[in-house]
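Convert by adding 5 to the 1-based position in the sequence shown; the result is the number in our numbering.
Think of the CB as a built atom: it goes at the ideal place given N, C-alpha and C, for glycine as much as any other residue.
Notes to accompany the following structure.
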Amino acid sequence: MQNESGLKTDKSSLVKRWIVYIIGIYMVSLGVSFAITAGIGISPQSAFQRVFVVHIDWLTQGRANFILECIMLVLAFLVYRKGFKLYHIMGLVASAIMAVFLDFNLSLTFEYLDLPVYWTRLLTLVVGDAFLAFGVFLMLQSEVVLMPIDNFVNAVQLRTGFKWGNVKTFFDLTLLALALIFGLILAGKIMFIREGTVLNALLVGQYIRLFTYLYKKNREKKDLQVDSNKIIQS
6 MQNESGLKTD KSSLVKRWIV YIIGIYMVSL GVSFAITAGI GISPQSAFQR
56 VFVVHIDWLT QGRANFILEC IMLVLAFLVY RKGFKLYHIM GLVASAIMAV
106 FLDFNLSLTF EYLDLPVYWT RLLTLVVGDA FLAFGVFLML QSEVVLMPID
156 NFVNAVQLRT GFKWGNVKTF FDLTLLALAL IFGLILAGKI MFIREGTVLN
206 ALLVGQYIRL FTYLYKKNRE KKDLQVDSNK IIQS
C-alpha cells in the first residue's frame, strides 16, 4: 500500500512524482481494459461496477469507477473523523484521471482487440494483469496520494488495528459478493466472475513483487557503481 504521508514538500520532485503517478494510473486503466475485453472474468471491483454499466445506458466503466471512488471518500471521511485531511480529497483528482483513461482505453480495446479463441483471451488477461500491476507499482513508488478506495481501507485499518491486507481482502470479498448479488438481481445470472477473477487475484500481487524486486536490484546496482566511482576518484 502507499505510505499515507500526504504530499511531500520537495517541489523539485513533486512534478516528477505526479508524472510517474499519472503514468501508473494509465497503466492500471490499460490493464483493467484488457481484462474486461478478455471476457473471462475480472477483479471484484471491476465486476461490481460492470454489472451496473451494462444495465444503465449513460453509465460507463470510468464513470462507475469515479462514483464508487466518491462513495469511498465519503466513507473514509466518516471513518477517519478528525483524522481526515484536506489532501485526501486530492484522491478524487486521480480518480477523475482514471475515469478518463479507463473509458478511452476501453474504446480502443473493444475496437481493435480481436479475441476469437480462448487462448487469446487468456493471454490478454495475463498481459492486462501485468499492465495493472506495473501501474500499481508506479503509483506506490511515486508516494503522491491514495485513491479513495485505498484511503477507506487505510482508514478502517487505522481505526480497527487489523492488518491492512486483511482489511483489503475483506473489502474485495464484499465487492465480490455485491457483484454476485446484483448480477443475479439485474440479469438473473452471475456476471463477470469467472476464472479470470481468480487469476487476477493470484497474478497481480506476484507481478508487483517481481517489479519491486527488479527495481530494488537496479537501485542496488546503481548505488554500488556510485560507491565504486567515489573510491576510484579518491
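Starting from residue i, trace the alpha helix (DSSP H) both ways and give me its first and last residue.
i	result
Val150	It is not in any alpha helix (DSSP H) - Val150 carries neither H nor E in the DSSP assignment.
Ile186	Trp169 to Ala192
Asp108	Gly96 to Tyr117
Tyr85	Gln66 to Tyr85
What is the rounded straight-line gap between the Cα of residue i and the Cα of residue j?
i	j	result
Lys227	Met32	26 angstroms
Asn171	Gly140	22 angstroms
Leu208	Leu215	10 angstroms
Gln7	Asp134	Reliability fails at Gln7, whose pLDDT of 46 lies under 50, so the model's placement of it is uncertain and no value is given.
Lys186	Val20	Correcting the residue identity first, residue 186 is Ile in this sequence and not Lys. Rounded to the nearest angstrom, the two C-alpha atoms are 43 angstroms apart.
Asp62	Asn70	15 angstroms
Ala40	Leu130	5 angstroms
Val158	Arg224	30 angstroms
Lys221	Gly166	29 angstroms
Ile30	Gly193	34 angstroms
Using a threshold of 9 angstroms, state whether the C-beta atoms of residue i and residue j are closer than that.
i	j	result
Leu145	Ile72	no
Ser38	Asn156	no
Leu35	Phe106	yes
Gly188	Gly46	no
Thr42	Leu118	yes
Val79	Met196	no
Leu180	Phe53	yes
Leu178	Phe57	no
Could you work out which residue in the options is closest to residue i when comparing CA atoms only?
i	options	result
Arg22	Ile76, Ser147 and Asn156	Ser147
Ala160	Phe82, Leu180, Val149 and Gln50	Phe82
Tyr26	Gly96, Arg164, Ala52 and Leu91	Gly96
Ile198	Ile28, Thr165 and Ala182	Ala182
Met77	His93, Trp169 and Gly29	His93
Ala101	Gln66, Trp124, Thr114 and Ser18	Gln66
Trp124	Cys75, Thr217, Phe175 and Gly44	Gly44
Leu64	Asp108, Leu113 and Glu116	Asp108
Quick one: using the 10 Å Cβ neighbour count with 16 as the cut-off for buried, is residue i buried or exposed?
i	result
Gly88	exposed
Ala99	buried
Ile154	buried
Gln230	exposed
Leu151	buried
Val84	buried
Pro49	buried
Asn205	buried
Ile24	exposed
Gln211	exposed
Arg164	exposed
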